[in-house]
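Residue numbers (my numbering): 1 to 591.
The C-beta atom is built at its ideal place from N, Cα and C for all residues, glycine as well.
What follows is a short report on a single structure.
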DNA sequence: ACGATTCGCGCG
DNA sequence: AAAGCGCGCGAATCGT
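In structure tokens form, the structure reads like this:
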């Protein structure tokens, strides 16, 4: 059963019920926001799939009211997939002219104030000034898809899937993508446990006492002094790459840029303080006191996750740099008293995905029950684990030179099917064709400029430069499609993994628990205050925050979910998806 | 003065 | 030329 949810012109919420095929639809009911909350609460027991234009617009207000839903269908995210998928290329949906569902983001509406409401409810009114950090800037202007649009869109999507050659793949992808959207909203709401006191101590130990935003801390000031002395330039600003490069050249330091890796290659008294300056300057700028003040609220880090934010299907984040959380500061991620963090990451995920995609049983065997790179060494393909890793990455990213390039022929001999798949994907991209992931997400087509450059190279009057540029550009796009098919399929595995984890954690919850919103609350968010829940996701890694007594059960759930995800994508193909799982108090312990 | 672009570096 | 993919972010710098 589907329940279609949309906004009416007068600001109410329209709901109607559909059968699984979309064939029969109940009359639409118009509800106030308060009535809508009650409606969802009452109907969730029927386990419907809630259909709405954009999970990020609807779900936060439900979470704020202590309501979670088990299943969703995000029309916007699913539309993007179906619009571009090779599998649905002949559908009405894909052939129609671009419309509201193709705009970059579903436009904002009066409902967006719920973001501030959410913040007030969850964290207390005194924080409302910073409330906008959740889900703001989702776009302005334009028309919001209404009741009729949403219904027509759902029917169009169901039709596109039903009429394609392998509907099972896309059905799974759309369900996983939609589950991801629910998880993203829940993780943003719950937040990652963050100890500001530990973080602040770390900053002071590294940088010196706290200073105002824009002021250089004492440790950085001291290093700047040493750099100026070493380069004999009393007015040098080490934050200016241009100044720095000029000063380095004056001092006869042979570097083409100020990048750290390049500085490490040369010997000069300035190198040590300069590298230290860069490291600490990065810490201050990216995760310093200002970051802490902006992003840590009520002992939680609440990044905005953006499902489908990357063309390959990976998630992106907006604000806070959640997907770049440096190892340096992970010690501040600490479980609440009586709670644990269960940290799990998929070992060598992309090579395993490649082995399964290409049905390369030899490569899959190399990873059976053990580290896949070690398995490649055991099979005598290369000598060391480091070589196996660099060779595999080279195969998936399209390396042609260096150690990686030199090792590729050995990899190709041992794993011809896997390497043939990446090569075929690269050739498709070079021709301007698209490639498609395991579940049916297709790569974008290159833009007009790209095609024009290629066409130009075929002109009899084309210069050698034209041809070189066209060839180079074609290879660039080939490396993109080569990687797309692996990275995108790995993202699908990760979505399925997470969706299975969420489902199993849900079943752990005790149904009789009543959750109450208390505006003086400072601990975990209301919908998650007693039970294990996902708090972080990083491409191939998840963190579950759990009462200590459930940690063993959570570990089992995460491990079984990995096996289930592998089966969902690859059926009986014998490939293992191994995890490293750790139950810890602090994220820093899990590395 | 201010938005767009580039550099450099963090993560997978 | 960090040899090879995908991102976000802050500061400096460029362009208007």
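Neighbourhood of residue 439 by C-beta distance below 6 Å, restricted to the same chain and skipping five residues each side: Closer than 6 Å at the Cβ level, and outside the excluded window around residue 439, lie 169, 172, 173 and 492.
Proximal residues to residue 450 (C-beta, below 6 Å), its chain only, five neighbours per side dropped: none
Helix, strand or coil at residue 289 [DSSP, three-state]: Assigned with DSSP and collapsed to three states, residue 289 falls in helix.
Contact set for residue 207: own chain, Cβ-Cβ below 8 Å, skip 5 residues either direction: 217, 218, 219, 220, 280, 283, 284 and 288
Delimiting residues of the alpha helix (DSSP H) encompassing residue 541: Element bounds for residue 541: not the alpha helix (DSSP H) but the beta strand (DSSP E), 541-547.
For residue 340, the residue or residues it bridges with in DSSP: Residue 340 pairs with 546.
Residue 26, buried or exposed, once every other Cβ within 10 Å from all chains shown has been counted against 16: With fewer than 16 neighbouring CB atoms inside 10 Å of its own CB, residue 26 falls in the exposed class.
C-alpha gap between residue 513 and residue 530, whole angstroms: Residue confidence is low: residue 513 scores 48 on pLDDT, short of 50, so the model does not pin down where it sits. Its coordinate-derived value is still stated next. Each residue's alpha carbon lies about 9 Å from the other.
Pairwise C-alpha distance: residue 578 and residue 467: Taking the straight line joining both Cα atoms gives about 45 Å.
Spatial distance of residue 308 from residue 316 (CA atoms): 7 Å
Same chain, Cβ closer than 6 Å to residue 474, five either side skipped, listed in chain order: Hits under 6 Å: 430.
Counted within 10 angstroms of its Cβ, other Cβ atoms place residue 409 as buried (16 or more) or exposed: exposed
Exposed unless 16 or more other CB atoms sit within 10 angstroms - verdict on residue 177: buried
Residue range of the unbroken alpha helix (DSSP H) whose run includes residue 373: 372-378
Terminal residues of the beta strand (DSSP E) in which residue 67 lies: Per DSSP, residue 67 belongs to no beta strand (DSSP E) and is neither H nor E.
Every unbroken alpha helix (DSSP H) within the segment 168-207, with a cutoff of 4 residues, ordered by chain: 196-207
Between the CA atoms of residue 506 and residue 300 - distance to the nearest angstrom: 22 Å
Burial state of residue 184, where buried means 16 or more other Cβ atoms lie within 10 Å: buried
C-alpha gap between residue 463 and residue 472, whole angstroms: 14 Å
CA-to-CA distance, residue 584 to residue 324, given in whole angstroms: Going from the Cα of residue 324 to the Cα of residue 584 covers about 21 Å.
Segment contact flag, the segment 41-52 with the segment 69-78, C-beta cutoff 8 Å, min 3 pairs: yes
Beta-carbon proximity check, residue 587 vs residue 297, cutoff 7 Å: no
Proximity to residue 481 [Cα-Cα], best of 295, 13, 436 and 541: 436
Straight-line gap, residue 212 to residue 222 (C-alpha atoms, nearest Å): 17 Å
Per-residue burial, residue 252 [other beta carbons within 10 Å of its own, 16 or more giving buried]: Under a 10 Å Cβ-count criterion, residue 252 is classified as exposed, with fewer than 16 other Cβ atoms of the shown protein chains found around its own Cβ.
Same chain only: Cβ atoms within 6 Å of residue 536, ignoring 5 sequence neighbours per side: A distance below 6 Å between beta-carbons, with the five flanking residues on each side excluded, links residue 536 to the following residues of its chain, in chain order: 192 and 543.
6 Å CB neighbourhood of residue 569 in its chain, flanking five on each side removed: 438 and 493
Pairwise C-alpha distance: residue 187 and residue 60: 11 Å
Exposure of residue 112, with buried meaning 16 or more beta-carbon neighbours within 10 Å: In this prediction, residue 112 has a pLDDT of 35, which is less than 50 and means its spatial position is unreliable; what the coordinates show is noted afterwards. Under this definition residue 112 is a buried residue.
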